[in-house]
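Scroll down for the structure; my scribbles are underneath it.
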Amino acid sequence: MPHTSRWSIPRRTFLRGAGVAVALPWLEAMGSPVKAAELTNPADALEAGKYAPVRFGCLFFPNGVWKDAWIPKQAGRDFELPDSLQPLTNLKEHVTILSQLDKRHSHEGDGHYAKTANFLTGLRVEKTTGKNISTGGVSLDQYMARQVGHLTPLPSLELGIDPVISGIDSNVGYTRLYGSHISWQTAERPVAKEINPRTVFDRLMNVQQAGKNRGQAASSRDADRKSLLDFAMSDARRLRQQLGRDDQFKLDEYLDSVRAVEKRIEFFTQPDPRVWHPETPQAEMEAPGAPRDYQEHVRLMIDLMILAFQTDSTRVSSFMFANDVSGHNFSFVDGVRGSHHELSHHEGKPEKIEQYQKINRWHVSQFSRMLERMSQIREGESTLLDNSMILLGCGMADGNAHQPDNLPIVVGGHAGGRFAGGQHIASKPRTPLCNLYVSMLDGMGCPVNQFGDSTGPIQEVFSA
Numbered sequence: 045m046p047h048t049s050r051w052s053i054p055r056r057t058f059l060r061g062a063g064v065a066v067a068l069p070w071l072e073a074m075g076s077p078v079k080a081a082e083l084t085n086p087a088d089a090l091e092a093g094k095y096a097p098v099r100f101g102c103l104f105f106p107n108g109v110w111k112d113a114w115i116p117k118q119a120g121r122d123f124e125l126p127d128s129l130q131p132l133t134n135l136k137e138h139v140t141i142l143s144q145l146d147k148r149h150s151h152e153g154d155g156h157y158a159k160t161a162n163f164l165t166g167l168r169v170e171k172t173t174g175k176n177i178s179t180g181g182v183s184l185d186q187y188m189a190r191q192v193g194h195l196t197p198l199p200s201l202e203l204g205i206d207p208v209i210s211g212i213d214s215n216v217g218y219t220r221l222y223g224s225h226i227s228w229q230t231a232e233r234p235v236a237k238e239i240n241p242r243t244v245f246d247r248l249m250n251v252q253q254a255g256k257n258r259g260q261a262a263s264s265r266d267a268d269r270k271s272l273l274d275f276a277m278s279d280a281r282r283l284r285q286q287l288g289r290d291d292q293f294k295l296d297e298y299l300d301s302v303r304a305v306e307k308r309i310e311f312f313t314q315p316d317p318r319v320w321h322p323e324t325p326q327a328e329m330e331a332p333g334a335p336r337d338y339q340e341h342v343r344l345m346i347d348l349m350i351l352a353f354q355t356d357s358t359r360v361s362s363f364m365f366a367n368d369v370s371g372h373n374f375s376f377v378d379g380v381r382g383s384h385h386e387l388s389h390h391e392g393k394p395e396k397i398e399q400y401q402k403i404n405r406w407h408v409s410q411f412s413r414m415l416e417r418m419s420q421i422r423e424g425e426s427t428l429l430d431n432s433m434i435l436l437g438c439g440m441a442d443g444n445a446h447q448p449d450n451l452p453i454v455v456g457g458h459a460g461g462r463f464a465g466g467q468h469i470a471s472k473p474r475t476p477l478c479n480l481y482v483s484m485l486d487g488m489g490c491p492v493n494q495f496g497d498s499t500g501p502i503q504e505v506f507s508a
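This is the structure we're talking about:
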């Protein structure tokens, strides 16, 4: 029988010290959360603190996939994972693979921008050089943030790797802004994404450097900066004495994980101290303060999304592996010798298809790593993965043909018990992608009759 805490604490408890507030994960002392699927009144899902909240995350990758290695041949529960999805083998019961989903408004327009900007809106992207920008409506994540964002410190969290690119792609006559955003507050207003992990970490840890000279040089500020946890450790020690053994272990584990992320950020965002270091392909574009290594940059941002969900700092987040038309070099993947966009235009050549497919598999492996970590974070009798919906996908299917139908879509997690998982749902051809979004809005506890160009929910995703 677990050793329980000697007192109870509210869900929204922070470790505080010297202007820092560090959010806590779910502890037994906060009470046993109710699963969202057990609620008799859906309106209760919007009340803070009464249930294990459902989180929504979106991981977007550009340039499509090699479909023969992505889509399972069998529908239903008795299916085999194709090569690109093999990293999900140990998580098969926690994922839903969807095929034959389409964005009909992306059949018009160019090969990339008209398929990326509306990934989460499903509506028509206005062809423009920048003055009358429009994606047709609010994106799925921002619609969710409007419904549940008031319950958390951050309504939503938008993350990425590449800085925003402005200007015009003269080849197609579209503003490049469309390739830099998937989150839209309105049809005309994208939500700025954060690409610096240090900034995201500080935001999640609620750093308040009050009283410091804001005009001092950034290098001096970093040199004087102490670990955030060092500021809050005395409060953590006091709290630990009041917790039961299981909560003490969970608190220690959580603080260790936060410190590990902080140390990784410090290492990868500072000048490399090594005289010798291995040759690593650099990111296509490096922003000030961004990690030197593309793989580590991706993993840090995903870990920060997990941390945000774990501490209930937000319940809605999006992440772009790269901007559209990305030329990131993937030579760090064994057997790959070129850039992503170049290899996506495979022209049916086997040597290019093989490398393209390996890049697809690498993206899935990052998704798998995220789900695995979330499955290890307990929330009462469930896990963070049980209480989440994590969407992995792209706005086009095959990158060579730029098709917007039969999109590569996978959803991880169970939406608090609402989503069954462990199946491949092969819908009728040209089923709107937004039908899935209607189902996900229901899973989030904010059901709608229609979203984007939807014609109804995908009922098969729900638990019986």
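Adding 44 to a residue's 1-based position in the sequence shown gives its number in the numbering used here. Virtual Cβ for every residue (Gly too), placed ideally from N, Cα, C.
Helix, strand or coil: how does DSSP classify residue i here?
i, result
"T243", "helix"
"W406", "helix"
"H446", "coil"
"D206", "coil"
"F411", "helix"
"D279", "helix"
"K508", "For the sequence presented, residue 508 should be read as Ala rather than Lys. Looking at A508 - three-state DSSP - the assignment turns out to be coil, as it is neither helix nor strand."
"E170", "coil"
"A373", "The question names Ala, but residue 373 in the sequence shown is Asn. If DSSP states are grouped into helix, strand and coil, N373 belongs with the strands."
"D291", "helix"
"R422", "strand"
"G457", "coil"
"L201", "strand"
"S383", "strand"
"A67", "strand"
"V182", "coil"
"M133", "According to the sequence shown, residue 133 is Thr rather than Met. DSSP places T133 in helix when its eight states are reduced to three."
"V492", "coil"
"V139", "strand"
"P501", "coil"
"T427", "strand"
For residue i, which residues does DSSP report across the bridge?
i, result
"F100", "V360 and M433"
"L145", "T475"
"W228", "P234"
"G531", "Because the chain in this structure spans residues 45 to 508, residue 531 falls outside the shown range and cannot be described."
"D213", "Y218"
"F463", "F506"
I'd like the list of long-range same chain contacts for residue i, defined as Cβ closer than 6 Å, with 5 residues on each side in sequence excluded.
i, result
"D368", "P106, H156, T160 and G223"
"D430", "H458"
"T179", "A161, N162, T165, V169, W228 and A231"
"A158", "S150 and V169"
If we count the other Cβ atoms within 10 Å of its Cβ and call it buried at 16 or more, is residue i buried or exposed?
i, result
"D185", "buried"
"N404", "buried"
"E170", "buried"
"D347", "buried"
"L477", "buried"
"H407", "buried"
"P332", "The predicted model places P332 with a pLDDT of 47, which falls under 50 and marks its position as unreliable, so this point remains unresolved."
"S128", "buried"
"D206", "buried"
"A366", "buried"
"S278", "exposed"
"H225", "buried"
"A470", "buried"
"H194", "exposed"
Just to confirm my understanding: we take residue i, look at its own chain, exclude 5 residues before and 5 after, and list those with CB closer than 7 Å. What are they?
i, result
"G120", "Q467 and H468"
"V492", "V482 and L485"
"D23", "Residue 23 falls outside the range modelled here, since the chain spans only 45 to 508, and no answer is possible."
"T196", "D356, S357, T358 and R359"
Suppose the cutoff is 8 Å on Cβ atoms and the five residues either side in sequence are ignored; what does the same chain contact list for residue i look like?
i, result
"I397", "W110 and H390"
"I453", "I141, L142, S143, L145, L435, L436, G437, L477 and L480"
"A87", "With a pLDDT of 46 at A87, under the threshold of 50, the modelled position of that residue is not reliable, and no figure is offered here."
"Q410", "L103, V342, R343, I346 and F365"
"Q260", "Its pLDDT being 43, under 50, Q260 is placed unreliably in this model, and the coordinates cannot settle the point."
"S507", "A81, H458, G461, R462, F463 and A464"
For chain C, is any of its Cβ atoms less than 8 Å away from the one on residue i?
i, result
"L295", "No chain C appears in this structure, which consists of one protein chain only."
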